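Q:
Number of protein chains: 2
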Amino acid sequence: MRAFYYNPMTTQELVKQIHTKKSFLCIGLDVDLEKVPAHLLQEEDPIFAFNKAIIDATHHLAVAYKPNTAFYEAYGLEGWESLEKTIKYLNENYPEIYTIADAKRGDIGNTSTRYAKTFFSHLNFDSITVAPYMGEDSVVPFLEFENKQTILLALTSNRGAFDFQTQKVEGEEVYKKVIQTSQTWKNHHNLMYVVGATKAEYFKEIRNIAPKNFLLVPGVGAQGGSLKEVCKYGLNEDVGLLINSSRGIIYASAEANFAEAAALKAQELQTEMKEILDKI
Amino acid sequence: MRAFYYNPMTTQELVKQIHTKKSFLCIGLDVDLEKVPAHLLQEEDPIFAFNKAIIDATHHLAVAYKPNTAFYEAYGLEGWESLEKTIKYLNENYPEIYTIADAKRGDIGNTSTRYAKTFFSHLNFDSITVAPYMGEDSVVPFLEFENKQTILLALTSNRGAFDFQTQKVEGEEVYKKVIQTSQTWKNHHNLMYVVGATKAEYFKEIRNIAPKNFLLVPGVGAQGGSLKEVCKYGLNEDVGLLINSSRGIIYASAEANFAEAAALKAQELQTEMKEILDKI
Numbered sequence: 005m006r007a008f009y010y011n012p013m014t015t016q017e018l019v020k021q022i023h024t025k026k027s028f029l030c031i032g033l034d035v036d037l038e039k040v041p042a043h044l045l046q047e048e049d050p051i052f053a054f055n056k057a058i059i060d061a062t063h064h065l066a067v068a069y070k071p072n073t074a075f076y077e078a079y080g081l082e083g084w085e086s087l088e089k090t091i092k093y094l095n096e097n098y099p100e101i102y103t104i105a106d107a108k109r110g111d112i113g114n115t116s117t118r119y120a121k122t123f124f125s126h127l128n129f130d131s132i133t134v135a136p137y138m139g140e141d142s143v144v145p146f147l148e149f150e151n152k153q154t155i156l157l158a159l160t161s162n163r164g165a166f167d168f169q170t171q172k173v174e175g176e177e178v179y180k181k182v183i184q185t186s187q188t189w190k191n192h193h194n195l196m197y198v199v200g201a202t203k204a205e206y207f208k209e210i211r212n213i214a215p216k217n218f219l220l221v222p223g224v225g226a227q228g229g230s231l232k233e234v235c236k237y238g239l240n241e242d243v244g245l246l247i248n249s250s251r252g253i254i255y256a257s258a259e260a261n262f263a264e265a266a267a268l269k270a271q272e273l274q275t276e277m278k279e280i281l282d283k284i
Numbered sequence: 005m006r007a008f009y010y011n012p013m014t015t016q017e018l019v020k021q022i023h024t025k026k027s028f029l030c031i032g033l034d035v036d037l038e039k040v041p042a043h044l045l046q047e048e049d050p051i052f053a054f055n056k057a058i059i060d061a062t063h064h065l066a067v068a069y070k071p072n073t074a075f076y077e078a079y080g081l082e083g084w085e086s087l088e089k090t091i092k093y094l095n096e097n098y099p100e101i102y103t104i105a106d107a108k109r110g111d112i113g114n115t116s117t118r119y120a121k122t123f124f125s126h127l128n129f130d131s132i133t134v135a136p137y138m139g140e141d142s143v144v145p146f147l148e149f150e151n152k153q154t155i156l157l158a159l160t161s162n163r164g165a166f167d168f169q170t171q172k173v174e175g176e177e178v179y180k181k182v183i184q185t186s187q188t189w190k191n192h193h194n195l196m197y198v199v200g201a202t203k204a205e206y207f208k209e210i211r212n213i214a215p216k217n218f219l220l221v222p223g224v225g226a227q228g229g230s231l232k233e234v235c236k237y238g239l240n241e242d243v244g245l246l247i248n249s250s251r252g253i254i255y256a257s258a259e260a261n262f263a264e265a266a267a268l269k270a271q272e273l274q275t276e277m278k279e280i281l282d283k284i
């Protein structure tokens with residue numbers, strides 16, 4: 005298999021990018037061939053063609069891109085090839101961009117090491133999302149990679165978050181227990197957390213437990229979360245937030261102008277972000 | 005991408021196979037190229053060559069095979085191709101074998117649907133392991149596939165299982181809460197659960213909550229679990245157990261005789277299983 009080697013991107017560099025671009029926007033590259041403009045389907049690799057156009061049109065407005073691996077796996081080998089091309093394109097053309105593999109992996113120790121190597125070493129993503137259910141030895145293999153971040157699912161933005169994550173363990177919600185416990189693990193400075201925007205007041209308590217870690221925030225916009233509310237409670241001295249938007253940006257138009265339409269949507273969010281950053 | 009269509013395998017057929025073969029053994033196909041016999045590395049696809057030899061030598065002793073996707077993803081596109089070849093080989097040559105994609109996936113609703121289609125429709129696995137942390141709407145898309153099973157992580161066999169899974173929620177451990185809650189979900193008859201063999205007495209209480217579901221049991225042997233103890237508490241009227249062994253079988257020898265050595269190890273377990281089945 006091919007392996008790509010680039011300089012890793014540290015969180016300090018991410019913070020610098022946020023201040024340079026006045027943006028903490030992450031764009032989710034969740035490509036569904038039923039939703040991309042019809043003319044792209046004639047391309048040799050429509051998924052990559054779509055991503056390339058979106059990235060080229062929005063890279064100055066976003067600091068991070070997050071392909072969700074489910075969308076690529078769904079297209080089999082061709083899908084994995086599109087994912088490889090996308091991360092390579094980002095690393096070669098926009099090395100200042102922070103990259104997130106939204107893979108939600110996690111397995112017993114040795115097996116997690118394999119996932120970590122796949123996404124960090126072979127594909128050269130800066131970070132990966134990981135599920136916490138199997139505990140410390142399923143997450144620590146990811147944390148061992150220096151200058152790579154492990155984004156642990158804490159409080160997700162879907163309805164099912166209330167099935168287990170908000171249940172109380174010894175008087176404390178499971179998601180808080182996950183954040184607290186993980187802060188005691190080796191190399192915990194490499195942790196970030198997924199925290200959905202749907203309940204902004206939760207960010208206050210999360211910041212008490214994890215004042216320094218970056219939070220990756222889905223659910224602003226489409227799922228009803230408010231950017232201002234999230235920032236009110238979630239910002240820290242490093243900004244510390246990556247706000248993700250996927251469908252709201254990449255499917256803004258299904259016409260020939262899809263990339264420009266995506267840029268306009270990204271611009272709207274970036275403008276809001278600039279206003280917030282200018283005030284702190 | 006290619007799609008394969010075969011008759012789905014129902015759990016009734018699985019039960020029938022167990023009685024026919026006097027075995028409830030599942031063999032984990034976790035292929036590590038550093039551990040396979042050196043002569044296989046000259047093959048065009050060493051991973052598939054290894055799997056094919058193991059399957060041909062053990063198919064009469066096992067009722068199920070379980071490739072862990074981490075091991076295939078680690079080899080990039082070639083690894084995914086080996087996985088496709090392996091499941092196709094099983095479905096074409098041993099349609100009586102039950103197949104498990106050990107993928108530990110799980111995401112928000114629409115995204116889980118994509119994972120379900122990938123593993124159930126395109127790759128045509130009979131079942132997939134799924135992580136419960138994101139709750140109902142992350143699991144139900146898998147359960148919608150009739151005659152396909154969703155194997156929810158409940159109590160895993162690793163040390164980290166004690167970080168969150170055995171914590172108490174309203175007086176009850178998280179893993180029991182996961183089993184109980186999931187029994188109320190739509191199409192819950194399509195559920196199985198992962199329950200590690202490391203604490204056999206746990207099976208008693210689990211059988212109170214989930215008397216009918218199959219349990220996929222890792223951790224017998226290498227990780228210290230006892231087959232007899234697990235069966236004492238875990239068997240139900242349909243047998244209801246799939247005991248997994250991976251490394252203990254497939255890496256029994258790294259020499260030219262690796263497949264025969266694997267068959268001998270599988271035979272040892274099958275003999276123990278036959279004794280147990282003959283008594284009930």
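Sequence lines, in order, name chains B and W. Sequential numbering from 5 applies to the first sequence in our numbering. Sequential numbering from 5 applies to the second sequence in our numbering. Beta carbons are placed, not taken as given, at the ideal position from N, Cα and C, and that holds for glycine. Just so we're clear, the structure is a prediction, and the values are computed from it rather than from any experiment.
1. Under 8 Å: do the region 219–226 of chain B and the region 184–191 of chain B share three or more Cβ pairs, one atom per stretch?
2. Please list, in chain order, all residues of the same chain as ILE22 of chain W whose beta carbon is under 7 Å from its beta carbon, the five residues on each side excluded.
3. Please report the distance separating the alpha-carbon of GLY110 of chain B from that of PHE168 of chain B.
4. Just to make sure I have the definition right: I need the residues of chain B whose C-beta is within less than 7 Å of the C-beta of THR303 of chain W. Which are they?
5. Looking only at its chain, what residues have a beta carbon closer than 7 Å to the beta carbon of ASN55 of chain W, apart from the 5 residues adjacent to it on each side?
6. What alpha helix (DSSP H) runs, 4 residues minimum, are completely inside the region 209–277 of chain B?
7. Is it buried or exposed, LEU245 of chain B, if we count other Cβ atoms within 10 angstroms and call 16 or more buried?
8. When the distance is taken between beta carbons, is PHE207 of chain W closer than 8 Å to VAL234 of chain W?
9. Buried or exposed for GLU77 of chain W, please, with buried defined as at least 16 other CB atoms from any protein chain shown within 10 angstroms of its CB.
10. Since GLY164 of chain B and MET138 of chain W should fall inside the 8 Å C-beta cutoff, what is the C-beta to C-beta distance between them, to a whole number of angstroms?
11. At a Cβ threshold of 8 Å, is THR122 of chain W touching chain B?
12. Give every residue of the same chain whose Cβ lies closer than 7 Å to the Cβ of ALA266 of chain B, excluding the five residues on either side of it in the sequence, and list them in chain order.
13. Return helix, strand or coil for THR133 of chain W, following the three-state DSSP convention.
14. Put PRO12 of chain W into one of helix, strand or coil per three-state DSSP.
15. Considering Cα atoms alone, identify which of W:ALA107, W:THR185 and W:THR117 is closest to VAL134 of chain B.
16. Note down, in chain order, each residue of its chain lying with its Cβ closer than 7 Å to the Cβ of GLU276 of chain W, except the 5 sequence neighbours on either side.
17. Of all the CB atoms in chain B, is at least one closer than 8 Å to the CB of GLU140 of chain W?
18. What does the Cβ neighbour count give for LYS172 of chain W, buried or exposed, with the cut at 16 atoms within 10 Å?
19. Using a beta-carbon distance cut-off of less than 8 Å, what residues from the region 143–177 of chain W approach chain B?
20. Contact criterion: CB-CB distance below 8 Å. Does GLU96 of chain B meet it with respect to chain W?
21. What's the gap between the Cα of VAL19 of chain W and the Cα of CYS30 of chain W?
22. I need the boundaries of the beta strand (DSSP E) containing TYR69 of chain B, first residue and last residue.
23. Suppose contacts are defined by Cβ-Cβ distances below 8 Å. Is TYR237 of chain W in contact with ALA260 of chain W by that definition?
24. List the whole-angstrom C-beta distance separating PRO145 of chain W from GLY113 of chain W, where the pair is believed to meet the contact cut-off of C-beta under 8 Å.
25. So with Cβ pairs under 8 Å, would you call ARG361 of chain W a contact of chain B?
26. Please state whether DSSP places ASP282 of chain B in a helix, a strand or coil.
27. Any C-beta of chain B sitting closer than 8 Å to the C-beta of VAL19 of chain W?
28. Short of 7 Å Cβ to Cβ, which residues in the region 73–89 of chain B face chain W?
29. What would DSSP say about LYS108 of chain W, mapped onto helix, strand or coil?
30. Which same chain residues, not among the five before or five after LEU127 of chain B, have their C-beta less than 6 Å away from its C-beta?
31. Could you name the residues of the same chain whose beta carbon sits closer than 6 Å to that of PHE317 of chain B, not counting the 5 residues immediately before and after it, in chain order?
32. Assign LEU159 of chain W to one of two classes, buried (16 or more other C-beta atoms within 10 Å of its C-beta) or exposed (fewer than that).
33. Should THR24 of chain W go down as buried or exposed, given a rule of 16 or more other Cβ atoms within 10 Å for buried?
34. Compare the C-beta of ASP111 of chain B against all C-beta atoms of chain W and say whether one is closer than 8 Å.
35. May I ask which residues mark the beginning and end of the alpha helix (DSSP H) holding ILE51 of chain B?
A: This is what the structure holds:
1. no
2. PHE28, VAL67 and VAL243
3. 18 Å
4. One cannot answer for residue 303 of chain W here, as it falls past the ends of chain W, which runs 5 to 284.
5. LEU33, VAL35 and THR90
6. 231–238 and 251–254
7. buried
8. yes
9. buried
10. 5 Å
11. yes
12. ILE58, ALA61, THR62, ILE253, ILE254 and ALA256
13. strand
14. coil
15. W:ALA107
16. LEU231
17. yes
18. exposed
19. VAL143, LEU157, THR160, SER161, ASN162, ARG163, GLY164, ALA165, PHE166, ASP167, PHE168, GLN169, GLN171, LYS172, VAL173 and GLU174
20. no
21. 13 Å
22. 68–71
23. no
24. 6 Å
25. The displayed coordinates of chain W run from 5 to 284. Any statement about residue 361 of chain W would go beyond what the structure contains.
26. helix
27. no
28. ALA74, PHE75, GLU77, ALA78, TYR79, GLY80, LEU81, GLU82, TRP84 and GLU85
29. strand
30. ILE91
31. The structure shown has nothing for residue 317 of chain B, since chain B only spans 5 to 284.
32. buried
33. exposed
34. yes
35. 50–62
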